[in-house]
Amino acid sequence: MITVQHLAKRFRLSRQQRRSREDAGSAQGSEVQAVDDLGFTAKPGRIFALLGPNGAGKTTALRMIATLLRPDAGQIHIAGVDALADPVAARRKLGFLTGSTRLYERLTADEVVRYYAALAGVPEPEYRKRRDALFGALGIDAFAGRRCGKLSTGMQQKVSIARTIIHDPEVIIFDEATSGLDVIAARAIIAFIRQCRTDGKTVLFSTHIMSEVTNLADDLAIVHGGKLLYSGTFPEFTAASGERSLEDEFIRRIEAAESPAATTSPTPGART
Amino acid sequence: MTLPSPVMAVLRKELLDTLRDRRTLVAMLVVPLIVSPLLMVGVARYSQSRAQEAREQTLRVAVVDPHNDSGLADHLDAQPGIEVIPDRDVTSLSARIAAEELDAAVLVDENFQREVAALHPGGVSLLFKSSDRFDQQKSRIKDALASYEQLLLGRRFAALKLGPEVVHAVRVQEHDVASAREQMGQRIGGLLPYMFILFCFTGGMYPAIDLAAGEKERGTLETLLTAPVQRWSLVLGKFLVVTLTGIISAVIAMLGLYLSVAYGIEGIPPELLSAIGQVLEPGTIAAVFALLVPLAMFFAALLLMLSIYARSYKEAVSIISPLTIVVLVPAVLALIPGTRLTAVTALIPVLNVSLATRELVAGTAAPALVALVFLSLLALAGASLLACTRWFAREDVVFRT
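Protein sequence lines, in the order shown, are assigned to chains A and B. Residue 137 is where the first sequence starts when you use this note's numbering, and the numbers rise one by one after that. Residue 92 is where the second sequence starts when you use this note's numbering, and the numbers rise one by one after that.
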């Protein structure tokens, strides 16, 4: 389970970032509130989608949950472990996969997975058992001895999956894991996310693609400008959208949040 | 049985990854072991052959003797490697020397014989065109003129019935108590630290860039940081690999230097080779190595800090490359005559290693000062590793975009 409460994170902008924000007509200032009072719960055996447009604060939120960034305020619990008090213990419970990550090109698939198992402190017999099972299930055996730089995108994605779960984490986080992938590689990731649910894992994934949410999500949260606009189950969200398509409902909520009135009145459906 | 601890896991992985990187192998092994020695031997041999050429070249020297009675033209003509060209056209001499038709010209004064007869110095002018290759030729002509002066002095002493030793009231005998090793240490001892400081830095440069900025650019750093290990374990593993590559590169550079000096360059005096042999005794090697290790650690921490700060591999290269010159400045300062290892210079990074190594090579190092250099380097290495670990913990550095 992942429990997030009142999460906040503020960044100081670099000169270059300030200039590009000014050019884009965004608010001026030397700091930006990337995540503001965010809270939700992702449960075991369910897939939780964090949905939002680019720059909504999804990656920052996931990085804080994965203990890569330290929040300015709030609390995070990963499978019962306080991630702020004991980040190493929290990381032991989670696997993290992003779409932008590549592999070590000069290492073989086998060496990459072994490296991450060693970092996670997996005992050798346990490692061998899990490696054999994973490599067999993902079809990595055929290219396990080849260097990652020589593998196709699809093969690399399979190795990334194996490396993410070699230590059998209870919680798995996917940060835009399908972005930049071709259809076949993206489908492998989608299948893997479903498998994680079947295995009883807690799955948290971020995306800006509504079709992925429709295909996968049991629960979802919409974030925009670092704030939570909606949090609930997928059927609830479908019911709330009425006659509108899910994409239209998503856009309606984003536009409502951007309108001047949004600062004074709560967005319909929002709950924390 | 369990897999290696996190630090060992990082060390093993990074070492494997680094040794499979062609750029690192070239910078760490090929350049110090093959390219540098070959360049050194090539430059030395070329310089030797040019010097030999200058020594053996027949010099065309015009001699203008208004009365043709000084005997100077005959004397110069009798010297090996000098061809005298009798000439009377004084006006064109400068132009002909400038055009390199002539190597030099000697003009005998109008009243040369009268001055010599009066036991005064006879005037002679030497015309030449200064250039890098003329130094050797000029000294040959001056030697020939000096022998002509000795000839005239011999005649004067004979006429005055004096022995040639009458002009020497004091006989100075020089005895250099410095051993051959000390002399070598003072003359070329500065080259050794110059070489190993350079390669210690460049050897660790590419691994440091790849292990930090490279990971950031590939996106593997983010994944690595989600591994359930302390941040310092990751930094320490990377730090050890960069330190190791720096040390290996410096040691190989030393080996290359020794092989090129011992086997590649001809004409090295046997006493110099013997002095080099003395330097290679285990005690000296151990002492130099002891200085090299903390220096490599300091460089490794510095390189990793700069590398992780960079947004990309390319930016890291552009930040770090100019530093090669910066770290060499103190090493060059150590080559300036009179710069000595003292309690103050022993505390200045890089300069202290250069000076201490020079003293160690010469066999004149004060143990207390060498110990001070070692301890100050060790403190610097420890402080820089600590700073590096803290630097890696900063979000604005690690996620700088």
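C-beta atoms are modelled at their ideal positions from N, C-alpha and C, and glycine is treated no differently.
Spanning the alpha carbons of alanine 178 (chain A) and leucine 394 (chain B) requires a straight line of approximately 41 Å.
In terms of Cβ geometry, arginine 111 (chain B) and arginine 299 (chain A) do not form a close pair [threshold 8 Å]. With a cut-off of 8 Å on Cβ pairs, the region 133-151 of chain B is in contact with the region 162-173 of chain B, counting three or more such pairs.
The residue from B:Gln274, B:Tyr349 and B:Val333 with its alpha-carbon nearest to that of leucine 106 (chain B) is B:Val333. The Cβ of leucine 255 (chain A) sits closer than 8 Å to at least one Cβ of chain B. Taking the C-beta atoms as reference points, glycine 235 (chain A) is found no nearer than 8 Å to serine 166 (chain A). Judged by DSSP secondary structure, arginine 146 (chain B) falls within the alpha helix (DSSP H) whose first and last residues are 127-147. In the displayed model, phenylalanine 490 (chain B) falls within coil according to three-state DSSP, outside both helix and strand. Taking the beta carbon of serine 236 (chain A) as reference, the chain B residues within 7 Å of it are Gly310, listed in sequence order. Under the three-state reduction of DSSP output, proline 180 (chain A) falls in the coil class, being neither helix nor strand. Excluding five sequence positions before and after isoleucine 427 (chain B), none of the CB atoms of its chain fall closer than 8 Å to its own CB. In this model, alanine 226 (chain A) and proline 385 (chain B) are separated by some 36 Å (Cα to Cα). Between glycine 280 (chain B) and alanine 453 (chain B) the beta-carbon gap is near 5 Å, inside 8 Å, which marks them as a contact.
In terms of Cα proximity to serine 347 (chain A), the closest of A:Val224, A:Phe370, A:Gly191 and A:Val171 is A:Phe370. The continuous stretches of alpha helix (DSSP H) do not include glycine 310 (chain B), and DSSP gives it neither H nor E. Chain A places a beta carbon closer than 8 Å to that of leucine 107 (chain B), counting this residue as a contact. By the Cβ-count criterion, leucine 217 (chain B) is exposed, with fewer than 16 other Cβ atoms from all chains shown falling within 10 Å of its own Cβ. Not flagged as an interface residue toward chain A: valine 117 (chain B), since no C-beta distance is shorter than 8 Å. Taking the beta carbon of alanine 202 (chain A) as reference, the chain B residues within 7 Å of it are Thr317, listed in sequence order. DSSP, read as helix, strand or coil, puts lysine 363 (chain A) in strand. In terms of beta-carbon proximity, phenylalanine 310 (chain A) stays away from the interface with chain B, with every pair separated by 8 Å or more.
Taking 8 Å as the CB threshold, leucine 187 (chain A) stays off the interface with chain B.
Under the 10 Å beta carbon count, tyrosine 137 (chain B) is surrounded by fewer than 16 other beta carbons and is classified as exposed.
At a C-beta separation below 9 Å, leucine 243 (chain A) has these neighbours in chain B: Lys104, Leu107, Asp108 and Arg111. Chain A has no Cβ within less than 8 Å of the Cβ of valine 332 (chain B). In terms of CA proximity to arginine 283 (chain A), B:Asp108 leads the group B:Phe390, B:Arg431 and B:Asp108. Under the Cβ criterion of 8 Å, valine 320 (chain B) is counted among the residues facing chain A. Under the Cβ distance rule, phenylalanine 271 (chain A) does not count among the residues neighbouring chain B, no pair being separated by less than 8 Å. When only Cα atoms are considered, leucine 356 (chain A) and arginine 182 (chain A) end up about 10 Å apart. In the structure shown, arginine 431 (chain B) adopts coil according to DSSP, grouped into three states. By the Cβ test, the region 215-222 of chain A is not in contact with the region 317-333 of chain A, since fewer than three Cβ pairs between them sit closer than 8 Å.
When DSSP states are grouped into helix, strand and coil, aspartate 301 (chain B) belongs to the helix group. The three-state secondary structure of valine 258 (chain A), taken from DSSP, is coil.
In this structure, the CA atom of isoleucine 416 (chain B) is about 16 Å from the CA atom of leucine 282 (chain B). Look at glutamate 174 (chain B) here: in three-state DSSP terms it is strand. Along the region 419-442 of chain B, there is no position whose C-beta sits under 7 Å from a C-beta of chain A.
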